[in-house]
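J.:
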Amino acid sequence: MHQDALNITLSGKVKIFDKRYNSQFSINYELKKDNKPTINNNAILIHYIGPTKPWHSWGEYKSTEAFIHAKNNSPWVNLPFLLPKTSMQYRYAAKNMFNNHYKCKGVKDLFLYFLSKIR
1 MHQDALNITL SGKVKIFDKR YNSQFSINYE LKKDNKPTIN NNAILIHYIG PTKPWHSWGE
61 YKSTEAFIHA KNNSPWVNLP FLLPKTSMQY RYAAKNMFNN HYKCKGVKDL FLYFLSKIR
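Residue 114 in full-length UniProt numbering sits at position 114 of the sequence shown, with consecutive numbering throughout.
(1) Could you check what DSSP says for residue 87 in three-state terms: helix, strand or coil?
(2) Who pairs with residue 101 in a beta bridge, going by DSSP?
(3) Let me check one thing: in DSSP terms, what residues is residue 47 bridge-paired to?
(4) Is the number of C-beta pairs between the segment 38-49 and the segment 68-76 that are closer than 8 Å three or more?
(5) Would residue 116 and residue 90 qualify as a contact pair, given that the criterion is a beta-carbon distance under 8 Å?
(6) Would you call the CB atoms of residue 82 and residue 55 closer than 8 Å?
(7) Which residues in the same chain as residue 31 place their Cβ atom closer than 8 Å to its Cβ, once the five residues preceding and following it in sequence are excluded?
(8) Less than 8 Å between the CB atoms is what I'm expecting for residue 92 and residue 51, so what's the real figure, rounded?
(9) Rounded C-beta distance between residue 59 and residue 27? I'm assuming under 8 Å.
Written as structure tokens, this is what we have:
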């Protein structure tokens, strides 16, 4: 359903929850050099916004530890992290690999990014 239709239909009927239940965080904040936002310690649900998600193979940061802990204690413990498939994902994978000092993986993802752009 279109978002505008939902907004009109549910106008005045929606209870707004405390922000602890929708603590938004972009893993790509980790790419910033200074003034990195952090996840609030009283967050109950973390909504990972942006193109990089904690289930991506390149989303390995302290900010994804809560997700990793939950995954490791779930029926999905043995599912592998998702590898990049699109040019945008290769680009973000390369940025994050370089940021985490995985230079060889970063070069590989950057190469695959350029390769995906010329196909």
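C-beta: ideal position from N, C-alpha, C; glycine also.
T.: The short version:
(1) Locating residue 87 in the sequence shown gives position 87, where the first residue counts as 1. Here residue 87 sits in helix by DSSP.
(2) Residue 101 sits at position 101 when you count from the first residue of the sequence shown. Per DSSP, none; premise fails for residue 101.
(3) Looking up residue 47 in the sequence shown gives position 47. Under DSSP, residue 47 shares a beta bridge with 24.
(4) no
(5) Reading the sequence shown from its first residue, position 116 is the one you call residue 116. Reading the sequence shown from its first residue, position 90 is the one you call residue 90. Contact: yes.
(6) Counted from its first residue, the sequence shown places residue 82 at position 82. Counted from its first residue, the sequence shown places residue 55 at position 55. For residue 82 and residue 55, yes; Cβs fall inside 8 Å.
(7) As a working mapping, residue 31 is identified with position 31 in the sequence shown. Within the same chain, residue 31 has close Cβ partners 95, 96 and 99.
(8) Walking along the sequence shown from the start, residue 92 turns up at place 92. Walking along the sequence shown from the start, residue 51 turns up at place 51. Correct: roughly 5 Å between the Cβ atoms.
(9) As a first step, residue 59 is located in the sequence shown; it is residue number 59 there, counting from the start. As a first step, residue 27 is located in the sequence shown; it is residue number 27 there, counting from the start. Taking C-beta atoms under 8 Å as the contact rule, residue 59 and residue 27 qualify, at a distance of about 5 Å.
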